[in-house]
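Numbering (the UniProt record's numbering), first residue to last: 1 to 1250. All C-beta atoms, glycine included, are put in the ideal place defined by N, C-alpha and C. Notes to accompany the following structure.
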Amino acid sequence: MENSAWSSEQLDAINWRGGNLLVSAAAGTGKTAVLVGRIMGHLKDPVNPIDINRLLVVTYTNAAAAEMRERIRAELASEISRNPESMHLRRQMILLNDACIATMHSFCLDVVREHFYMVGLDPAFRLADETEAELLQLEVLEALLEEKYAGGDASFFALVDLYGGERDDEGLKELVLKLFRFSRSLPCPGDWLRQVAGEWAKQVESIDAYAWCEELKQGIGLEIGGCIEEIKRAIALCLKPGGPVAYIDNLKQDLKMLGSLSSLCKRSWAELGEGFDGASFAGLKPLRKKDGIRSELQEQVKTIRDQVKKRIDSIRKTVFSRTPEQQANDMRRMAPVVEALIGLVSEFGERYRGAKERRSVLDFSDLEHYCLRILSREDEGCDRFTPSSIALEFRERFVEILVDEYQDINAVQEAILNLISKQEAKRSSIFMVGDVKQSIYRFRLAEPGLFLEKYHRYPRQADNGERRIDLKQNYRSRDRVIEAVNYLFGQIMAPGVAEMKYGGESELVPGSVYPDSDDGKDLGTEPVQLVIVDAAGDGVEPGDDSLEEQWDDDGVFSGSEEQGDNRVLFNQAQLEARLVAAEIERLRKEGVKVWDREAGDYRPLCFRDIAVLLRTTRGAAQAFVEELRRAGIPAYAQVDTGYFDAIEVKTVLSLLNIIDNPRQDIPLLAVLRSPIGGFNAAELAEIRVHLPEGSFYEAAVRVAGKGDNPVGKKLQEFFRKLEGWRTVARRRGTKELLWNLFEDTGYYDYAGAMPGGKQRQANLRLLETWAARYENSSFTGLFHFLRFVERMQENGWEMGTAAVTAENDDAVRVVSIHRSKGLEFPLVFVAGLGRMFNFADLRGKVLVHRKLGIGLEFVDRDLAVTYPTLAKLAVKNRIRREMLAEEMRLLYVAMTRAREKLVLVGTVKNLNKSAGEWCRAASTGADTLPEAVLARARCYLDWIAPAAVRQAGGLELWQRAGEENGQQEGEVYFDVRVVKASELEERAATAPRPKDDDSLFTTGEGVELAAGDGLGEVERRLSWRYPWEKALGKKAKFSVTEARNIFAASGEWYGPEEEMRRTDFVSHPRFYRKTGGITAAERGSIMHLVLQHVDPAKAGDVTGVKRELEEMVAREILGPDQIEVVDIDAIAGLFAGELGRRIVRAGEAVLRELPFSLSLPAEELYSGELCGYGERVLVQGVIDCLLDEGDGFVLIDYKTDELRPGRVEELVAKYRPQVDLYALAVERILKKPVKKKYLYFLSGGLAVKI
C-alpha cells in the first residue's frame, strides 16, 4: 500500500517506536499489510535502517510465514525498482531467505538445535509428528499402568475404580493424558501439578480461602441478575391492559428477596448459603374471572415466575445442599485421590521423557519447554524467569520482535518472547498484532487472556513504553455486513459472557468502497438475511426430540453431536442445504454481480465466490455437498472426518488385517466379499455350510484343502495370493506392501472407476502416505501400523478424506468456521445455527482449568454416593463461560468472512415455542440483551434471534410468538424470513436430477456410425499403443535388494511358500510376556549394527564380545533390551575363524557398512528389456565389510538367515545377484578388482565363497 492509502491508525501502528505496542486489529482492517509495512519501515528508516535478520517475525502457521516472506519480497522488489542504486535494499533481498520469519515452533526448533548441549539432548534428535507422539504416549502409559496393576498399590486401584471405565481403564488413560497435555501448555508443568495437589490438601480456617468460592459467587450473581430482569419483565406484563395487577405485590417481594441474594454474593460463602436456605416465593394471590384479566398475560407471568423459582431452587440443590463445613471436609477427603492422580501424571511424564530420549525424538511441546530452559537461568523459579546468556544474545540481536495472531499464543510462548525481548522502559521491543475477538483455538490451549490483559492495561496514548492502537476500519466488507455485525455483537458481546465488551473502539468502521453497478444488480444491496427453517412436523422423524432443548441442573445441554442422532443432524443439514441451493440458483438467475477488485469492475457471480460455513462439518458437510450437486451446483467440502468410513479405505485396511493375521473373520469376510476376493453371498454361504461352528477362517481353510469344487479352487488361489502378500509384508515396509497390493489386486484402478473415483484413489494414496510417515517414525512393521490405525479410531482421532478439488476450481466451498479464518468470500452462508453447542467436555468426571486447577466429584464408595465438589462446580462454571465466549468469537469470525452478502441459516423444530423464548429474552428496557440470557444460550440462534427481534426486520418472529411488541420502524440490520421444511422437501422431490459422475454407469441409446463417419480414425485411436510401454512402471532408483529381485525370476528368491500354520494370536499383558516384540528384520539390523562397531581384535571369544556390547550400551549405540537378541556365540565364532582373523589382519584397511550409489544402463538391470531406450537407473546399497589387501578387495556380506539342512545352495543362489552388484559397484567406483567374495551365515558360522 502507498502511504496515501494508509489510515492514520495504520500509520501510527507502522511508525511508532516508543516501546511495546499492542495493535488490536479487527476483522478486515489490513493486519498483515500493517505488519509488512512496519517491517519495511524498519528496513527503509532514513535515520537508522536495519537489516531484516535483526527482526524476529513470529506467525501462527507455516503458510502464514511463507506468505509474509513473499509479501516482503514483493515490497522489496518494488522499492528496488524505484531505488535501483540502493545497496541496502539489495542486501535485504539477499538476507530475506535467512530472515527469522517463522512459527514459534520453528524458532524454538532452531534454538534447541543450536544449543542442544545445554539441555543434554542428542544432537541428532528428530521431531516426532503429532501422531507418533500420541502413539508413543499411549505405549508408555499402557506399560506404566500394567506395572501399577502388577504392583498392587491401593491408591492406584482406587484411582482405577473412580476414573476407569466399567470394563477397562480407558477413562483413567484419557484423564492422565488430558492432565499431562494441559500441563505442558504452561511454562512449569511440574510446579502447576504440585500447586493443584496442594490446593486440595491445604488446611483452611474458612472455606472462603478457596478461589473456587469466589468463582461460584460470580456465576451465581450473574444468574440472580437474570432472574431479577425476568421478574421486572413480569411486572411490566402485569401493568399491561388486562394484566394480572394483583400479582405485583408478590413480584415486588420476589425482587426484594433476589436483591438480597445478589448483595450476599459479595459476602461470605456461609452467608450466601444461609440466604439461599431462607429464600422462598410466596403463593400468588388468587384472581377472579370478573376482573377482566387476559389469560395469556396471566400465564406468561406465572411461567416467568415459575422459571425463576426453578433456577433459584436449582442453585440451592446443586451448590448449597451441603454446609460449608461439609464442603470443606469433602475437599480434604478427596485430597489423597488428587495426590495419587497427580503422582501418576508426573510419573507418566518422566517415563514419556525417557522413552523420547531413548528414541532421540522430541514432540512439539518439548520444543517450547527446552527452548524456555535454554533461554532462562536454572537458579530461578517459575514465578519469574531471568534471561540466560543465550537470551541476552537474542536481545542484542533482535531490534524488534513482531508477533502475528498474538491472541492465539500460550503462556509458554509468552515467557519465551519476554526472555528474548528488550525489557527496559521505552526500549521494549515487542510488536503484537491480533484480534481477541478472533481467538478460536481454545482446543489448542491458546490463552486469549494474555491479549485481554494487555488490551485493558495498555493505554491508547504512549505511557512508560507501552501503548495500544485499535484498527477498526474494515477494508473487506460492504456497509450492510458491517452494520449487522456491529449491531449483533453490540447486543451480545458482554464482559460477563464474552470476556469483553463490544462497542466504541472495537466496532468496525466501513473502509471499503463498492461503487454502484450500471444495471443495479450488484450483490450486496440487501440487508443481512436470517433464514430460519421451521422443521415442526417436517424433516425430522415424528416423535424425535433430538432438536429439543434438554438441560441438566447445571444448565448444560444433555446431548452433544457425538451423543445425538447423526441421521437427524444429517436431515437438518439437508433442509438447510436445499435452502442454500435455492438461494444460489435465484441469485444466479437474476444475474447478480460481484465486485472484482483486481479488475476494478463488476462481473457475474461464480460458484467459487460462495462459501458455506459450518461450526462443525461432522454430519453436515456431506449433506451440503450432495444437495448442492443434486441441484447442479458444483461443491466440495474441506472436512476433518469421514476418512475411515470410506469403503475403499475400509476394504484395504481389512486386507492388511488379514495379511497380519488371517484368523479375523470380519476382515476376512469383508475382503472375500469385495472385488479383491470376488466371492458372492452364495459362495460364502457354501463355505460356512462346511463348518457351521467355529471360525469362518477354519471353514475356508477346510474348503480350500479339499479343492474339489469351484469354490475350493477359488479359495486356494486366494490363499496362495494371501500367503505371497504375507511374505512381502515380512520383508518390506507397509508403504511398499500397499502399492504391491494395489497393483496385484487392481483395486486402485477399480476404486478409480467407481463413482467419485478421483476421491477414492486420493484416499488410497493418503493411506500410503500415512504408512510412509509411520515408517519414518520410531515404530515399524505392519502389526504396529494396524495398531496405530486402530488407536486412531478408538481415540476419536478423526481424519478428513483426501482433497481432490483445488481451491481455484469454480465450486462452492463447504468449510468449517475454523478453516475459514483468514479467508473472505463475496457471498457467505453461515449454516447450522440451530445446532446445539457441544458441552460434552463439561460432563467429564474431572475438569481442568489453568487458574482454578482440577475439579472432580466426591465419591463415597461405601455409601455408593457421588456428587460434584465445590471445586468441580466452580471449574465447570468457568469453563462453560469460556466455551460460550469462544462460540461467540467463532460467530464473529464466520460473519466477518463475507465481503458483499451474508446469509445466516438455522433450523428449529418448534419455531413458535422458540420465537416466544427469543421475544421474551428481547423484552427488556436495556440497550443490550441481559447477560443472564446470553449465558443460557444453547445455540447461535439463541443469540442472533433475540437481537434480530429488537430491530425492524424481526416482525415475523413476533408474529410466530403471538406477541404484539415488534419493532415497526428503524434500521433493518437483519431481514428475518421463515421457511417451512415441507416447502424444501417438496422442492427436492420435484427438482430434476442433473447428470453427474453416476451417468457414466447408466446405459444410453447406441448410435451406429456409418463407414464414412470417421470409423477408421476411431479404430486407429483406440488401437494406439504407447511406444515406450515397457518402461512404464519401471523404477529409476533401487536398493540393491530390489535390484536383486529384478534379476531373479518372479518369486524365485523368496523360497517355497510356507504352509499356513495355525497360530495362537491371543495377546497377553506386557508384564506376562516372556519375550519382547523385536522382529526378525529388527534382529538382523541389530546384528549388523554390532558388526559395524565391534572391535574385531577384541571379539574373538564370548567374554570379549560381551565386553564390547557393554561398551556399546554405555556409548548408547545399543539399548539394554537390544543386546538381549544379539547372538554372541555367532559373533565370537566369526572373529575366531579364518575369515575373522583375515579381517583382524587387515587392520585399518577394513571398510564396514560402506554406502554406495551406482549408475547403470537400464537394459543391464532389466536384462535387455529396455534395450535402445538410452535410460539409466540408480542403484544404492550398503556393503557390510570390504578388505583392501593391496592387490584387490575381499568383499564379505553377512546374513542372519536360519540355516536349515539342504538350504545353503538355495540361499547362495538367492543372494548371488546382490553380492555381484556389490562387487560391480566396488570395481567401477574404486577402480580396483574384487578378488574374492564371501557370504557369511552367522547362524551356522559358515563362510561361502561366491
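| Item | Value |
| --- | --- |
| Ordered list of alpha helix (DSSP H) runs contained in the region 129 to 176, each at least 4 residues | 130 to 151 and 154 to 163 |
| Residue environment, PRO755, which counts as buried when at least 16 other CB atoms sit within 10 Å | exposed |
| For TYR1215 and LYS721, the rounded distance between their alpha carbons | 24 Å |
| Which listed residue (LEU144, GLY434 and ARG73) has its alpha carbon closest to that of VAL58 | GLY434 |
| Three-state class that DSSP yields for VAL47 in the structure shown | coil |
| Spatially closest choice to GLU585 from ASN571, ASP596 and LEU605, by CA coordinates | LEU605 |
| Complete runs of the beta strand (DSSP E) confined to the region 214 to 245 [at least 3 residues] | none |
| Contacting residues, own chain, Cβ-Cβ under 8 Å from residue 1251 (five flanking each side not counted) | The structure shown does not extend to residue 1251, since the chain is modelled only from 1 to 1250, so the question has no answer here. |
| Buried versus exposed call for GLY504 [16 or more other C-beta atoms within 10 Å across all chains shown] | exposed |
| Beta-carbon spacing of ILE610, PHE825 below 8 Å | yes |
| Within 8 Å, strictly: CB atoms of GLY402 and ARG90 | The residue you asked about is not Gly; residue 402 is Leu in the sequence shown. Going by C-beta atoms, LEU402 is not nearer than 8 Å to ARG90. |
| Whether LEU264 touches GLY275 by CB criterion (8 Å) | yes |
| Where residue 1251 falls: helix, strand or coil (DSSP) | There is no way to answer for residue 1251, as the model of the chain reaches only from 1 to 1250. |
| Cβ-based burial, THR303 [other Cβ within 10 Å; buried from 16] | exposed |
| Segment contact, 8 Å Cβ cut-off, at least three pairs: the region 13 to 33 with the region 386 to 395 | no |
| Residue span of the alpha helix (DSSP H) that contains THR103, given as start and end | Here THR103 belongs to no alpha helix (DSSP H); instead the beta strand (DSSP E) covers 100 to 103. |
| When ASP534, PHE364 and ARG861 are compared against GLU985, the one with the closest alpha-carbon | ASP534 |
| Given 8 Å, three or more beta-carbon pairs between the region 336 to 352 and the region 133 to 153 | yes |
| C-beta contact flag for TYR1166 and LYS1037 at 8 Å | no |
| Span of the alpha helix (DSSP H) around MET87 | 87 to 95 |
| Rounded Cβ spacing between ALA99 and ILE50 (contact assumed at less than 8 Å) | Their Cβ separation, rounded to whole angstroms, is 11 Å, which puts ALA99 and ILE50 out of contact at 8 Å. |
| Between the CA atoms of VAL972 and HIS456 - distance to the nearest angstrom | 33 Å |
| Any non-hydrogen atom of the ligand MN closer than 7 Å to VAL1234 Cβ | By its list of ligands, the structure shown contains no ligand whatsoever, and the ligand MN lies outside what it can speak to. |
| C-alpha distance - MET68 paired with VAL36, whole-angstrom precision | 7 Å |
| Separation of ARG950 from ASP927, as counted between CA atoms | 10 Å |
| Distance CB(residue 1279)-CB(PHE489) smaller than 8 Å | No answer is possible for residue 1279: it lies beyond the span of the chain, which begins at 1 and ends at 1250. |
| contact_flag[the region 502 to 517, the region 874 to 886] where n(CB pairs < 8 Å) is 3 or more | no |
| Limits of the unbroken beta strand (DSSP E) element including HIS849 | 846 to 849 |
| Range of the contiguous beta strand (DSSP E) that encloses LEU1187 | 1176 to 1188 |
| Residue from VAL160, THR780 and ARG54 whose Cα sits closest to the Cα of ARG395 | ARG54 |
| Counted within 10 angstroms of its Cβ, other Cβ atoms place LYS437 as buried (16 or more) or exposed | buried |
| For LEU1195 and LYS1237, the rounded distance between their alpha carbons | 5 Å |
| Separation of ALA573 from ARG618, as counted between CA atoms | 10 Å |
| Cutoff 8 Å; reference ALA1132; Cβ partners in own chain excluding five residues on either side | ALA1099, GLY1100, ASP1101, VAL1102, GLY1104 and VAL1105 |
| The region 118 to 127 touching the region 356 to 371, judged by at least three CB pairs closer than 8 Å | yes |
| Pair within 8 Å by beta-carbon distance, ARG615 and LEU890 | yes |
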